[in-house]
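Here the structure comes first, spelled out in structure tokens, and everything after it is commentary.
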């Protein structure tokens, strides 16, 4: 842990290649540091500038009067080996190299990258990159990236990404959801030195991080990764995006970060063994994070589907089962409770179609509440998926979100997820009503995916 | 066609069970008809009312002085056979039966439903339902449903659904996207008489409908459906949602509309043979409709992926290939065009990573334009998927959406789809800039799905 302090909680940061020109990477780096409220020392390095954004600029890293924990290099590839040499002499602890044009660009770039490593090794200075967008550590208000961010919401999710541009887009995407907050973000790019395994080891005991999102294209050391990930997964869930499954994608990966994508079959088995939660796109990251944040661990994979529509219930059942969940038989108690409030012709099972009961009672909120309570106390049920037509809230067919949210008592004894189907503009009201209590999903597919990953993770924890 | 005029373009509509109490189904039905601007005659039927919403009410359907083309029944199941009898005598042409509690509820309900059919047959009156939410025909401003809608956007998509509550939620969901417009919507419920095949036959020549969305749980007549769907698919794409793939869902379907879900294996093969585009959820309907509306038919399944990130490109390649597309080798001309604007170390292939070229030129819009033009004239490319980081639009790394949209000339010679990744709040600007020109998607997965369905449909049309 202490070893990573100069990276994630540095006393001082140097920006080599700091620029006075707004819009340039070397300018945004300094601006982001200032704006984000980083309280350590900031040293802009630019031989032609006196000061940048009100900060005294230095001609070279050697001229900085104090120790430098962390430096970021926003200069072209060809001058980097020399600057790395200077940083090593200055005993900089961590170095972020932004520029591309190294190992991913063929033999000359590979030689350049080798030289960088060689020059860094003399002082045990660690390198992140090259070919990255930078890093974020919200605990230290450290926003050290040339990507334009306005504010970064603090939270407990750490992101480790292989590639910078992807990481930037992912951050913007995920941070646009109000329930998503960040502890750390770092991209590894060509990963000439610092590896994903070392970062995972660090995150194991990082008190600010409870969920990890990992985007990798290849592994620096497969065995070490597996050992670390297996151990870390027992403590904190790891959501993983890994591509290069097809030959075309695998070739693309090698040509842009120099990594080897490796065999999909091996990865797939290894991820499963290590308890990693694999997803395919950023929306799926969003869905799984939401479920993990707001749910107690389920005791099994048996789901009760409560629905306003037989058709929607059948759909949800298919999607749940196809994702490995069991749409379980309900206990007699649950069935008789809901049958007692349904019309006499209604025969109930799972999915639990409460539309006739709502129609009879004229009070959707009450009927949803009764069904949820019955499922919560049903010993055959591990998780509850609640389908709601949010666009009927004008009339009595749908529950009033604020009232229904009020009936849910925390802490939950079983995961409950709501699939809120209907007009997208009504979704926000639902999300706000249940904010911090129950995860809300816009489709059955997203809800089934989230519950299946929750069950997958819980099963790994129980059995490892 | 003429046969369906009294259903979709009736001269007069009777609401049997019309109510004076706001919030009740029988009230919303009349209110929706009035609000939507239906220009035909409206006859509320209520023995206890003089008038409802300013319209003269009648004691019974028999008392209506004029012919009634279409009647909707908003009364409980047990009195329905008698009212059906009265409607048949009145020579009503089409009858919508809202109530549930028929064949889906076991033997007594089945007997009730049989009686309904029997009573209707004497006059050749056709029945839609029972167990439905009603219908919409935008060409006649006919909003005949108890579901609360404010306005329905006119357009060229027809929806046929098996189940009402699902149909209502689907309509609300789809109509919340500004590029989605409706021609007709109808749900069949227990489908005691009018079948999906008859409606598909009608839609074949309906000038207002160009895309069909079909939600079915079972088929009234498998052979007739297949013949009709195969023929209709050659003219207009049919997107299909069909569940009951698992045993649990199949049982759920039988218990809520009395339909038999049938064998998934047979359905899957039949859908393929008939050119149906099968999807799994409403978001997928949205994505495929958008692609179909805005794209010329592709000549094959070879896609060129233009990307701002090698990592995002690899992901898109995996997702496209896994959906049956080919991430093709690009022509030498395309490669050399983009290599000439890239840094010397950059080696290009497909996915076409233009980040280094953008970084070099400092003009993302121009670089995206050049790459799109090259792909448009590349004989190895049938479709173009463009990945954009929308949250970089503050700086030079991303294209300015309005400027890029301006460079796209219509009509397109090949499908182009943009995957706009990043802050969700920036998505709207992108969507507005490209509105009516290019379909915009929020994830790679959704974009790959849409392109794959486009290719699937085009291939069916070429080979049938």
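Protein chains in written order, with my numbering: chain A, 1 to 464; chain B, 465 to 928.
Glycine is no exception: its CB is placed at the ideal position from the N, C-alpha and C atoms.
Every value quoted in this text rests on a predicted model; they were computed, and no experiment measured them.
{"Item": "Interface flag, residue 901(B) vs chain A, CB-CB below 9 Å", "Value": "no"}
{"Item": "For residue 822(B), the residue or residues it bridges with in DSSP", "Value": "Paired residue(s): none; residue 822(B) is not in a bridge."}
{"Item": "Neighbour flag for residue 615(B) against chain A, beta carbons, 9 Å", "Value": "no"}
{"Item": "Proximity test, Cβ basis, 9 Å: residue 251(A) and chain B", "Value": "yes"}
{"Item": "Residue 368(A) to residue 201(A) span [Cα, whole Å]", "Value": "44 Å"}
{"Item": "Against chain B: residues of the segment 345–360 of chain A by CB proximity under 9 Å", "Value": "345, 346, 347, 348, 349, 350, 351, 353, 355, 356 and 359"}
{"Item": "Boundaries of the beta strand (DSSP E) in which residue 95(A) is found, first to last residue", "Value": "94–97"}
{"Item": "Beta-carbon gap between residue 143(A) and residue 295(A) smaller than 9 Å", "Value": "no"}
{"Item": "Where residue 370(A) falls, given that 16 or more other Cβ within 10 Å makes a residue buried", "Value": "buried"}
{"Item": "Where residue 908(B) meets chain A, residues with beta-carbon distance less than 8 Å", "Value": "281"}
{"Item": "For residue 217(A), the three-state DSSP class (helix, strand or coil)", "Value": "coil"}
{"Item": "Segment limits, beta strand (DSSP E) that includes residue 240(A)", "Value": "238–242"}
{"Item": "Own chain partners of residue 235(A) with C-beta closer than 7 Å, once the 5 adjacent residues on each side are dropped", "Value": "204"}
{"Item": "Contact belief for residue 593(B) with residue 539(B) at Cβ below 8 Å, rounded distance in angstroms", "Value": "Actually they are not in contact, since the Cβ atoms of residue 593(B) and residue 539(B) sit about 12 Å apart, beyond 8 Å."}
{"Item": "Cβ-based contacts, 8 Å cut-off: residues of the segment 663–691 of chain B near chain A", "Value": "679 and 681"}
{"Item": "Host alpha helix (DSSP H) of residue 405(A) (start-end)", "Value": "401–407"}
{"Item": "Interface positions of the segment 316–331 of chain A facing chain B (Cβ-Cβ less than 8 Å), listed along the chain", "Value": "317, 318, 319, 321, 322 and 327"}
{"Item": "Beta-carbon neighbours of residue 163(A), restricted to chain B and to distances below 9 Å", "Value": "773, 774, 775, 776 and 778"}
{"Item": "Touch test, the segment 864–876 of chain B against the segment 171–184 of chain A, Cβ-Cβ under 8 Å, three pairs minimum", "Value": "no"}
{"Item": "DSSP three-state assignment for residue 187(A), whether helix, strand or coil", "Value": "strand"}
{"Item": "Whole-angstrom distance between residue 856(B) and residue 147(A), CA atom to CA atom", "Value": "7 Å"}
{"Item": "Contacts around residue 25(A), its chain only, beta-carbon distance under 6 Å, and the 5 residues preceding and following it disregarded", "Value": "74 and 146"}
{"Item": "Bridge partners - residue 310(A), DSSP secondary structure assignment", "Value": "The partner list for residue 310(A) (beta bridge, DSSP) is empty, contrary to what the question assumes."}
{"Item": "Residue range of the beta strand (DSSP E) that includes residue 155(A)", "Value": "154–161"}
{"Item": "Contact residues within the segment 633–644 of chain B, judged by C-beta distance below 9 Å to chain A", "Value": "633, 634, 635, 636, 637, 639, 640 and 641"}
{"Item": "Length of the line joining the Cα atoms of residue 270(A) and residue 239(A)", "Value": "14 Å"}
{"Item": "Same chain, Cβ closer than 7 Å to residue 785(B), neighbours up to 5 away in sequence not counted", "Value": "791"}
{"Item": "DSSP beta-bridge partners of residue 389(A)", "Value": "421(A)"}
{"Item": "Selected residue, minimal CA-CA separation from residue 776(B), among 311(A), 241(A) and 352(A)", "Value": "241(A)"}
{"Item": "Residue 174(A) to residue 11(A) span [Cα, whole Å]", "Value": "29 Å"}
{"Item": "Extent of the continuous alpha helix (DSSP H) to which residue 836(B) belongs", "Value": "828–840"}
{"Item": "Chain A residues whose Cβ lies nearer than 7 Å to that of residue 712(B)", "Value": "317, 321 and 327"}
{"Item": "The alpha helix (DSSP H) enclosing residue 976(B), as first and last residue numbers", "Value": "This structure gives no information on residue 976(B), because the portion of chain B shown stretches from 465 to 928."}
{"Item": "Classification of residue 496(B) by the beta-carbon crowding that lies within 10 angstroms, buried from 16 upward", "Value": "buried"}
{"Item": "Nearest-angstrom Cα separation, counted from residue 787(B) out to residue 737(B)", "Value": "18 Å"}
{"Item": "As assigned by DSSP and simplified to three states, the class of residue 320(A)", "Value": "helix"}
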